[in-house]
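Undergrad:
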Amino acid sequence: MGIMDDDIVKVREATDIVRIISEHVALKRVGRRWSGLCPFHNERSPSFSVNPELGLYHCFGCKESGDAISFVRQTQGLDFVSAVEFLAGKAGITLRYDSKQQGEQSSKKKRAFALVEKALDFYHDRLLSAPDAGPARGYLKSRGYDGDLVRLFKLGWAPDDWDTLAKHLGASDRDLKDAGLGFVNRRGRQQDFHRNRILFPIFDIQGRPIAFGGRKMPDDEGPKYRNTSDECVLYDKSRTLYGLHWAKEDMVRARDNGEAIICEGYTDVHGFHQVGMPRAVATCGTALTEEHVKQLTKFAHRLVLAFDADEAGQSAAERIHQWEQSHGIDVVVANLPEGQDPGDLARSDPDRLREAVEQALPFMQFRLNRVFGAGDFSTPESQARVAQDALLVIRANTNDLVRDKYIMQVADRCGVDPGRLRTMIDDPNLKPSGDDRRRREPAQAAEKPRRRRRGPVRSEDRDTNAIRLLIAEHDRMAPLLAPV
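Numbered by the numbering used here, the letters in the sequence shown go through residues 5 to 488 in order.
Next comes the structure, spelled out in structure tokens:
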């Protein structure tokens with residue numbers, strides 16, 4: 005199942021490979037060919053050659069070669085069909101598919117892309133000039149956003165109305181839902197998905213808008229962020245990285261084998277841009293997945309976690325170590341000050357943010373340092389407990405050579421025989437010492453509210469609770485309500 009062979013040939017023939025590659029590489033004509041610095045590895049002297057007559061490129065340094073389709077696949081991280089569709093769009097060629105279902109799905113996506121693009125312009129213009137967006141502009145200004153930054157990231161404003169966007173788009177019910185921009189409420193009327201929120205457009209790797217992340221205003225109730233639903237045809241949060249289309253070229257240029265910075269939020273990505281490190285991306289409200297890692301390894305082999313990696317837990321740590329080995333990557337943790345996220349640090353101390361990335365620690369070393377920092381070394385018994393917890397951290401990595409290096413650290417810090425630690429590490433009975441659990445319990449107990457006995461609920465209480473629920477969970481309740 006795929007694109008008709010004749011159409012693939014048409015795309016190849018219609019594509020100007022020099023123009024496509026020039027979007028990523030500064031090419032200089034040398035005789036009948038073009039030459040430039042290779043986009044696939046770091047070099048100082050140009051060894052990358054493009055032959056427009058044959059429609060091919062070749063790097064004499066790293067040996068990468070191919071045609072326009074393979075170049076787009078490499079630089080954009082696309083599969084074959086998506087790369088052909090990308091080039092067909094540039095050449096104005098309508099593709100045919102050997103599957104009716106695939107053709108219908110492609111048409112559905114094209115309509116969704118057009119609607120999201122139109123919504124992006126609508127929301128962005130509202131933020132820039134609409135009177136009702138004044139508080140949003142003031143909030144963004146207080147967070148360090150000037151007009152240039154707002155325009156660069158195409159930030160938007162969703163008005164506090166039921167169907168302003170839906171009326172503007174004039175789309176069918178099905179297309180509105182497929183694009184993730186709205187839905188049909190219980191009264192049978194179209195309703196906007198985002199209302200009264202600052203919007204962060206989410207783009208695919210080609211730079212096409214596919215979704216929106218909506219942030220509530222500080223004094224509003226409801227969840228802080230609300231992203232476009234996964235039910236739309238363009239957006240899958242487990243595969244999407246915010247900012248990747250901006251970051252990928254800087255990723256390739258950073259260090260010897262490329263570097264990617266992974267954040268938790270949109271504003272963190274913006275913060276790294278502000279300090280001159282535009283190779284940052286963010287997960288869209290989900291944990292880091294292997295699909296995310298696969299995308300990043302096309303551009304970088306050093307992944308910097310710029311969030312609290314200690315919250316990942318043991319199971320996530322095991323996955324990260326597996327990814328390091330199976331994908332040949334190095335995962336490191338940025339040395340961020342306690343309690344500060346990159347977005348805030350970019351405004352208060354940009355040099356410190358840059359240092360946090362430069363001084364990033366290997367993921368294993370970061371986790372061990374947490375164990376050592378919280379440990380008690382005052383008695384042989386407490387030292388043994390620290391060693392026990394450290395072994396559980398090291399055990400998550402299955403590389404024996406890496407394990408041995410860190411075992412020597414534990415032996416040195418805890419005054420324990422390294423041979424004994426090597427024997428213990430694979431013991432199935434090895435369990436956490438309990439020290440970490442005891443340290444957490446007081447804080448958890450303090451946060452746990454007491455449960456009070458309650459009598460019968462009066463009708464006034466039910467009404468009051470219903471109103472409170474409506475205010476606190478407005479976004480979730482909105483689909484159940486008719487527009488006023």
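Every residue, glycine too, gets a C-beta built ideally from N, C-alpha and C.
Is V375 helix, strand or coil when you go by DSSP?
TA: helix
Undergrad: Just the C-alpha distance for Q106 and Q413, rounded to the nearest angstrom, thanks.
TA: 56 Å
Undergrad: Going along the chain, which residues of its own chain have a beta-carbon closer than 6 Å to the beta-carbon of W38, five neighbours each way excluded?
TA: If we look at W38 and ignore the five residues flanking it on each side, its Cβ neighbours are V22, L31, V54.
Undergrad: Would F216 and I206 qualify as a contact pair, given that the criterion is a beta-carbon distance under 8 Å?
TA: Yes. Within cutoff.
Undergrad: For the beta strand (DSSP E) that contains A338, what are its first and last residues?
TA: No beta strand (DSSP E) holds A338; DSSP gives it neither H nor E.
Undergrad: To the nearest angstrom, how far is it from the Cα of K435 to the Cα of F381?
TA: 19 Å
Undergrad: Report all residues from its chain with a CB closer than 7 Å to the CB of G247; omit the five preceding and five following residues, and keep chain order.
TA: V273, A284, V285, A286
Undergrad: Tell me which same chain residues have a C-beta within less than 6 Å of the C-beta of L309, skipping the five on either side of it?
TA: I266, V337
Undergrad: With 16 other CB atoms within 10 Å as the buried threshold, where does R443 fall?
TA: Legend: pLDDT at R443 = 43, less than 50; position of this residue unreliable, value from coordinates given subsequently. The residue in question, R443, is exposed, as its Cβ has fewer than 16 Cβ neighbours within 10 Å.
Undergrad: Looking at C-alpha atoms only, which residue of L425, A391, V375, Q278 is the closest neighbour of P354?
TA: Q278
Undergrad: Looking at the strands, I want to know which residues DSSP matches up with L365.
TA: V337
Undergrad: My understanding is that N200 touches D224, with C-beta atoms under 8 Å, so please give their C-beta distance in whole angstroms.
TA: 7 Å
Undergrad: If you draw a straight line from the C-alpha of T79 to the C-alpha of L156, how long is it?
TA: When rounded, the separation of the alpha-carbon atoms in T79 and L156 is 22 Å.
Undergrad: Looking at the structure shown, is I398 part of a helix, part of a strand, or coil, going by DSSP?
TA: helix
Undergrad: Tell me which residue opens and which closes the beta strand (DSSP E) that G218 is part of.
TA: 213-220
Undergrad: Which two residues bound the contiguous alpha helix (DSSP H) that contains G93?
TA: 84-95
Undergrad: Which runs of the beta strand (DSSP E) at least 3 residues long sit entirely within the stretch 152-229? Give them in chain order.
TA: 160-162, 186-188, 194-196, 201-207, 213-220
Undergrad: What do you reckon, are the CB atoms on C236 and G184 nearer than 8 Å?
TA: yes
Undergrad: What runs of the alpha helix (DSSP H), each 4 residues or longer, lie entirely inside the stretch 235-321?
TA: 248-257, 270-278, 294-300
Undergrad: Can you name, in chain order, every residue of its own chain whose Cβ lies under 7 Å from the Cβ of A394, other than the five neighbours on each side?
TA: Answer for A394: L372, V375, V414, listed in chain order.
Undergrad: Does the count of Cβ pairs from the stretch 319-333 and the stretch 401-412 closer than 8 Å reach three?
TA: yes
Undergrad: Just the C-alpha distance for S133 and R243, rounded to the nearest angstrom, thanks.
TA: C-alpha of S133 to C-alpha of R243: approximately 34 Å in a straight line.
Undergrad: Is R16 near A72, with beta carbons less than 8 Å apart?
TA: Contact: yes.
Undergrad: Which of the three DSSP states is assigned to H331 in this structure?
TA: helix
Undergrad: Whole angstroms are fine: how far does the CA of L124 sit from the CA of V188?
TA: 21 Å
Undergrad: Taking contact to mean 3 or more Cβ pairs, one atom from each stretch, closer than 8 Å, check whether the stretch 162-182 and the stretch 293-310 are in contact.
TA: Flag = no, the stretch 162-182 and the stretch 293-310 do not touch.
Undergrad: Give me the Cβ distance between L99 and D20, rounded to the nearest whole Å; I'm assuming they're in contact under 8 Å.
TA: With 8 Å as the limit, L99 and D20 do not qualify as a contact, their Cβ atoms being about 18 Å apart.
Undergrad: So G40 and F52 are in contact, right, with Cβ under 8 Å, and what is the actual spacing, rounded?
TA: 5 Å
Undergrad: Taking C-alpha atoms, which residue in E27, N231, T293, V297 lies nearest to I333?
TA: V297
Undergrad: Give the DSSP-derived three-state secondary structure of S26 in the structure shown.
TA: helix
Undergrad: Can you list, in chain order, the residues of its chain whose CB lies under 8 Å from that of D167, leaving out five sequence neighbours each side?
TA: Spatial neighbours of D167 in its own chain (CB-CB distance under 8 Å, excluding positions within 5 residues in sequence) are listed in chain order as G186, R193, Q194, Q195, D196, P487.
Undergrad: Does DSSP put C418 in a helix, a strand or coil?
TA: DSSP places C418 in helix when its eight states are reduced to three.
Undergrad: Under the rule that 16 or more other beta-carbon atoms within 10 Å means buried, what is G142, buried or exposed?
TA: Burial call: exposed.
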